[in-house]
RNA sequence: CGGGGUGUGGCGCAGUUGGUAGCGCGCUGUGUUUGGGACGCAGAGGCCGCCGGUUCGAGUCCGGCCACCCCGACCA
């Protein structure tokens with residue numbers, strides 16, 4: 416619990432972000448640089464993210480497994496692009512049991528290598544395909560600069576790894592899981608995301624193609640919130656993942672990998688949060704309904720608590736995540752602010768008047784102040800709250816979508832204007848995809864291409880930077 | 001690694017020309033309070049980031065180191 420005010424977003428967005436996390440008790444800094452302690456409230460949010468994703472993975476035929484944290488260094492080196500991409504950020508164990516290790520062990524930055532090793536043992540025939548595996552795990556990347564949830568040296572995620580008989584099947588899987596991420600982001604986290612393909616410069620080194628979902632944060636910076644790779648046959652060749660086809664010919668598999676991490680929590684904070692603090696999307700909120708009892712004396716207390724307990728049981732019975740704030744010696748006003756800061760979607764106040772009137776005061780987090788508070792008859796209250804949670808979920812998505820759309824600006828053939836746009840928003844424009852253009856744009860604007868959206872009209876234009884013919888449009892933005 | 005900042009009770013901070021550490025919040029006890037961040041009274045809590053130097057005496061001055069935060073480069 417904290418009574419401190421939160422820095423206004425307009426004053427200092429970074430400070431607002433870290434204030435919210437600490438005051439809402441999502442996470443603490445750890446004694447090790449770049450690491451974080453995820454506190455119960457933050458972890459509960461992660462658990463709901465996990466549940467919603469895991470359900471979707473199972474529904475699309477995937478199974479969970481677990482692979483080791485330690486990976487022989489030579490495994491990592493097998494796939495050259497992968498190794499070169501990751502080597503600067505590897506944590507390597509060189510001593511174990513007091514002895515210098517013959518075989519140095521890498522703490523996994525991702526598990527393509529060790530899973531590839533297993534896949535080569537598991538897969539022999541086309542009958543073994545497709546192989547659809549997911550794991551929930553922690554990974555470590557030695558980052559130079561870290562921020563709570565957005566980039567920490569150790570983070571939690573899921574990584575899906577699949578093997579297929581053909582390129583097209585792998586591509587289909589890659590896009591299917593991208594779609595799963597988008598569905599999750601939009602319908603559970605209420606974050607409008609754009610599905611797209613990364614430029615060659617931005618794609619994962621070991622991948623044929625990298626796709627991502629991109630979201631706009633409250634400061635108009637972009638956040639890559641989920642990633643899906645078609646790895647081609649690169650890993651299959653490096654790890655000898657082969658199968659005999661129907662004609663008894665040995666073929667290399669086509670593999671994919673896709674991941675979504677605790678970074679998503681940062682996305683939720685920065686998409687929905689306001690100057691009062693967090694605003695949790697109801698479907699993921701650790702607490703959906705907080706009940707604050709109000710009373711002056713023992714006589715009132717017993718009457719109020721009777722009504723509160725009954726409502727609590729009813730809401731809980733309806734499947735809602737509900738809690739009663741029974742803390743003594745805190746004023747109701749303090750509790751209102753406290754739970755608003757922590758983003759609980761619906762607050763129910765029950766005092767002597769409400770007991771008498773057979774009603775309750777219901778306040779919604781997405782509408783600030785008195786406008787969001789109304790008195791609701793006790794009769795039908797549970798149904799009203801359930802409906803309200805649905806409304807809030809929809810409203811958060813609508814607000815975020817409106818904000819995003821208001822800050823995306825289409826532009827053609829005008830680099831000067833492009834540069835202006837990108838200072839405070841996203842630009843949507845023709846892009847040749849070339850490395851030189853990308854590098855120059857980055858140098859000029861501290862912004863990069865986010866993706867070529869999958870959903871775009873066919874056409875042809877001129878690259879915003881070099882003017883060469885371009886067949887695709889891309890989003891450009893400053894990014895986390 | 002470059003630039004900027006900060007290290008003093010749990011948190012936020014003050015601490016004058018060097019004289020043996022204080023405020024607010026929080027915490028404990030207690031009483032009055034309670035419909036938008038309550039108040040009184042009584043308490044507990046500190047190796048002033050670390051090491052060294054100057055000095056009769058260092059939170060304060062000097063030297064060195066370390067850590068963390070913010071902004072870049074790198075990255076999900």
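Numbering (the numbering used here), first residue to last: 416 to 895. Where a beta carbon is used, it is the ideal one built from N, C-alpha and C, also for glycine. All values reported here derive from a predicted model rather than from experimental measurement.
- For residue 464, the enclosing alpha helix (DSSP H) covers residues 455-474.
- Residue 834: not part of any beta strand (DSSP E); member of the alpha helix (DSSP H) spanning 830-838, first to last residue.
- Counted as a single uninterrupted DSSP element, the alpha helix (DSSP H) harbouring residue 807 occupies residues 796-821.
- A buried status is given to residue 640, since no fewer than 16 other beta-carbon atoms sit within 10 Å of its beta-carbon.
- Secondary structure at residue 782: coil, using DSSP grouped into helix, strand and coil.
- By the C-beta criterion, the segment 871-891 is judged to be in contact with the segment 841-853, since at least 3 inter-stretch pairs fall below 8 angstroms.
- Residue ranges of uninterrupted alpha helix (DSSP H) with 4 or more members, entirely inside the segment 426-456 and ordered along the chain, are 428-438.
- Excluding the 5 residues flanking it on each side, residue 456 has same chain C-beta neighbours closer than 8 angstroms at 439, 440, 441, 701, 757, in chain order.
- Residue 627 has 611, 642 as its beta-bridge partners, per DSSP.
- Looking at the backbone, the Cα of residue 773 and that of residue 750 are separated by about 23 angstroms.
- Secondary structure at residue 689: strand, using DSSP grouped into helix, strand and coil.
- No Cβ-Cβ contact shorter than 9 angstroms links residue 605 with residue 671.
- Here residue 537 carries a helix assignment [DSSP, helix/strand/coil].
- Within the segment 490-578, the runs of alpha helix (DSSP H) at least 4 residues long that lie entirely inside it are, in chain order, 495-501, 527-537.
- The alpha-carbon separation between residue 879 and residue 661 amounts to approximately 48 angstroms.
- As DSSP reads the structure, residue 867 sits in a beta bridge with 612.
- Annotated as distal: residue 812 and residue 483, with beta-carbon spacing of 9 angstroms or more.
- Boundaries of the alpha helix (DSSP H) harbouring residue 586: 582-602, taken from the DSSP string.
- For residue 872, no alpha helix (DSSP H) encloses it, and the DSSP letter there is neither H nor E.
- Taking residue 848 as reference, the option from 873, 886, 874 with the minimal CA-CA separation is 886.
- In the DSSP assignment, residue 755 falls within the alpha helix (DSSP H) that extends over 747-756.
- Where residue 891 is concerned, the enclosing beta strand (DSSP E) starts and stops at 888-892.
- DSSP, read as helix, strand or coil, puts residue 482 in coil.
- Taking every protein chain shown into account, the CB of residue 429 has fewer than 16 other CB atoms within 10 angstroms, so this residue is exposed.
- A direct Cα-to-Cα measurement between residue 644 and residue 720 gives close to 54 angstroms.
- Ranking 522, 699, 545, 799 by CA distance to the CA of residue 600 puts 699 first.
- DSSP places residue 678 within a helical segment (H, G or I) once states are collapsed to three.
- Per DSSP, the continuous beta strand (DSSP E) segment holding residue 788 begins and ends at 788-792.
- Remark: C-beta atoms of residue 445 and residue 494 do not approach each other more closely than 9 angstroms.
- Residue 876 holds the alpha-carbon nearest to the alpha-carbon of residue 825 among 730, 567, 735, 876.
- When only Cα atoms are considered, residue 579 and residue 609 end up about 26 angstroms apart.
- About 6 angstroms separates the CB atoms of residue 616 and residue 850; that is less than 8 angstroms, so the two are in contact.
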